[in-house]
Structure formats: C-alpha cells, structure tokens
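Below: the structure, in structure tokens.
Residue numbers (the working numbering), protein chains in the order written: chain A, 1 to 112; chain B, 1001 to 1113.
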C-alpha cells in the first residue's frame, strides 16, 4: 500500500472549516484514500473514503487532486467534539494482501 | 456505542496474573482484529481472524494469546505480561479481512504493574 504523509498537528477555530491535508504521491490506480479519526480514549472511527471523485457525507468532504497525489479532508464547521487524531490511509478497497495500517495522523485541536 | 463492545474498559494486573480481554460484535462481520496502541505511538496490528481462522500474527510475543471461538467473539488471553505491555488494546471488526471499513470498539486500557 502507498505511504501517506500528514502534518503532525493543526489548530482550527470553532465554527470554521478544518482542512486536513494528506500527501500520497505513490498511490496506485486501484488504491482508495480512507480517512479515520480517533477521539481521545476511543477507538478509531471511519469518516469517508474516495477513489478519484470528490466525496461528501454527513461528517465531512473529501477532495482528491486530479493527479490523485494528495487529498484534503474538510470538516465544514468544526466543533470542539471534532478534536481528535485524523488518519489518512491509502489501500486497495477490497484487499486480501495487507491489513489496514495506521500512521501517526494529524492531531487536530479545535479551539473555542 | 459502535457495535463492537470491549470488556473490561480498564484493567490493572500484576506481571504474574492471567487475565483475558473480551470483544463482541453482532454486526454480522466475519473478520475481527486486535490492535495495540501504546502511549504516543501509532496503532499496531496484533492479530487478524477471518471466518474464525487466524490469518495474521504480527510477530506478537506468546504472552498474548488470541482466541476466536466464533465470528462474533474475540478474546485476548494475557499472562506474565511486562510493564511495557501497558497500552490501549483495541478490537475491531469488518465484513471480512479484505474490507477496509473497520468498526472499532472503545478499547481496554491495560496497566501492568
């Protein structure tokens, strides 16, 4: 699976959009971009995933560049409850070869 | 509640104790996982079970012994642990082991004294 690079930490004011970047320059054509987050003392929670088109759900939006070498997770109106570590993972959607591997992620702090 | 339930939430044990962590899901999933999360470290995959068969053992020491009696239940048996084994132990499940959408429990916080 391709490797991802994320900033270690970010701050965001409450009510503003949080834009979390992820670089995945070695992504393969059949690899998806997945985002999970982990709120303190809880297990990781799936947020969203995409292949090449932008995706939106009730939690967030995912913007993937045309060359697919990077993506951005957008939380449109961040709240204090969005403070968490956000993980960007690249993997073939239905892969029998490797399990899901989490990196260090980005620690997002939403500030009142 | 995520649909994956882990018990106990907190556990303190001595190095000579034997204890077990329990994980249960009724999501109809066929794959179950144990991850370890030490302080300020990324999640480390420990074991994967797919349709009750162990498919991954990520070089985990034998003092950790998993058991998967059926697709809904997963145990992690612990014996003669070391203080460095203190961590958050997370269980997850998915449709099967090829699936990338995992549902995690909230973990067991283990302290070894």
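We treat Cβ as the ideally placed atom computed from N, Cα and C, and that holds for glycine.
**Prompt:** Would you call the CB atoms of residue 1073 of chain B and residue 1024 of chain B closer than 9 Å?
**Reply:** Taking the second chain and counting its residues from 1, the one referred to as residue 1073 of chain B is at position 73. Taking the second chain and counting its residues from 1, the one referred to as residue 1024 of chain B is at position 24. Yes; because the gap between Cβ atoms is below 9 Å, this pair is in contact.
**Request:** Give me the Cβ distance between residue 85 of chain A and residue 107 of chain A, rounded to the nearest whole Å; I'm assuming they're in contact under 8 Å.
**Result:** Working through the first chain from its first residue, we reach residue 85 of chain A at position 85. Working through the first chain from its first residue, we reach residue 107 of chain A at position 107. Yes, they are in contact, since the Cβ atoms of residue 85 of chain A and residue 107 of chain A sit about 5 Å apart, within 8 Å.
**Message:** Quick check: the Cα distance between residue 1071 of chain B and residue 1044 of chain B, rounded to an integer number of angstroms?
**Reply:** Translated into the one-based positions of the second chain, residue 1071 of chain B becomes position 71. Translated into the one-based positions of the second chain, residue 1044 of chain B becomes position 44. Answer to the nearest angstrom: the Cα atoms are 22 Å apart.
**Prompt:** Among all the DSSP beta bridges, which residues are the ones paired with residue 1066 of chain B?
**Reply:** Taking the first residue of the second chain as 1, we reach residue 1066 of chain B at position 66. Partner(s): B:1076.
**Request:** Using DSSP bridges, identify the partner residues of residue 1032 of chain B.
**Result:** Sequence index remark: in the second chain, residue 1032 of chain B carries index 32 (1-based). Answer is B:1049 and B:1093, bridged to residue 1032 of chain B.
**Asked** Is any beta-carbon of chain A found at less than 9 Å from that of residue 1049 of chain B?
**Response** One-based indexing of the second chain puts residue 1049 of chain B at position 49. It does not: the Cβ of residue 1049 of chain B has no partner Cβ on chain A nearer than 9 Å.
**Message:** Here's the rule I'm using: 16 or more other beta-carbon atoms within 10 Å means buried, otherwise exposed. How should residue 963 of chain B be labelled?
**Reply:** This structure cannot settle anything about residue 963 of chain B, because the visible part of chain B is limited to 1001 through 1113.
**Item:** Cβ-Cβ separation, residue 18 of chain A to residue 82 of chain A (assumed contact under 8 Å), whole Å
**Value:** Along the first chain, read from residue 1 onward, the residue named residue 82 of chain A stands at position 82. Along the first chain, read from residue 1 onward, the residue named residue 18 of chain A stands at position 18. Sure, about 7 Å apart at Cβ, within 8 Å.
**Message:** Can you tell me whether residue 54 of chain A is buried or exposed? The criterion is at least 16 other CB atoms within 10 Å of its CB, across all chains shown.
**Reply:** On the first chain, residue 54 of chain A is found 54 positions in, with the first residue counted as 1. Looking at its Cβ environment, which holds fewer than 16 other Cβ atoms inside 10 Å, residue 54 of chain A is exposed.
**Item:** Sheet register partners of residue 1013 of chain B (DSSP bridge)
**Value:** Position 13 of the second chain holds residue 1013 of chain B. Answer is B:1112, bridged to residue 1013 of chain B.
**Prompt:** Excluding the five sequence neighbours on either side, which residues of its own chain have a C-beta within less than 7 Å of the C-beta of residue 1027 of chain B, listed in chain order?
**Reply:** What you label residue 1027 of chain B is simply residue 27 of the second chain in a count that begins at 1. 1003, 1093 and 1103.
**Message:** With a threshold of 9 Å between beta carbons, is residue 32 of chain A in contact with chain B?
**Reply:** As a first step, residue 32 of chain A is located in the first chain; it is residue number 32 there, counting from the start. Yes, residue 32 of chain A lies at the interface with chain B (some Cβ there is under 9 Å from its Cβ).
**Request:** May I have the straight-line CA-CA distance separating residue 49 of chain A from residue 63 of chain A, to the nearest angstrom?
**Result:** As a position in the first chain, residue 49 of chain A is number 49, starting the count at 1. As a position in the first chain, residue 63 of chain A is number 63, starting the count at 1. Residue 49 of chain A and residue 63 of chain A: Cα-Cα distance of roughly 10 Å.
**Item:** beta strand (DSSP E) runs contained entirely in the segment 51 to 96 of chain A, provided each spans 3 or more residues
**Value:** 61 to 64, 70 to 75 and 84 to 92
**Prompt:** If residue 1050 of chain B sits next to residue 1096 of chain B, beta carbons under 8 Å apart, how far is it from one beta carbon to the other, in whole angstroms?
**Reply:** As a position in the second chain, residue 1050 of chain B is number 50, starting the count at 1. As a position in the second chain, residue 1096 of chain B is number 96, starting the count at 1. Contact holds; Cβ gap of about 6 Å.
**Request:** Closer than 7 Å, Cβ to Cβ, to anything on chain A: give me those residues from the segment 1050 to 1082 of chain B, in chain order.
**Result:** 1056
**Message:** Could you give the first and the last residue of the continuous beta strand (DSSP E) run that contains residue 39 of chain A?
**Reply:** Your numbering for residue 39 of chain A matches position 39 in the first chain. Premise fails: residue 39 of chain A is in no beta strand (DSSP E) and is neither H nor E.
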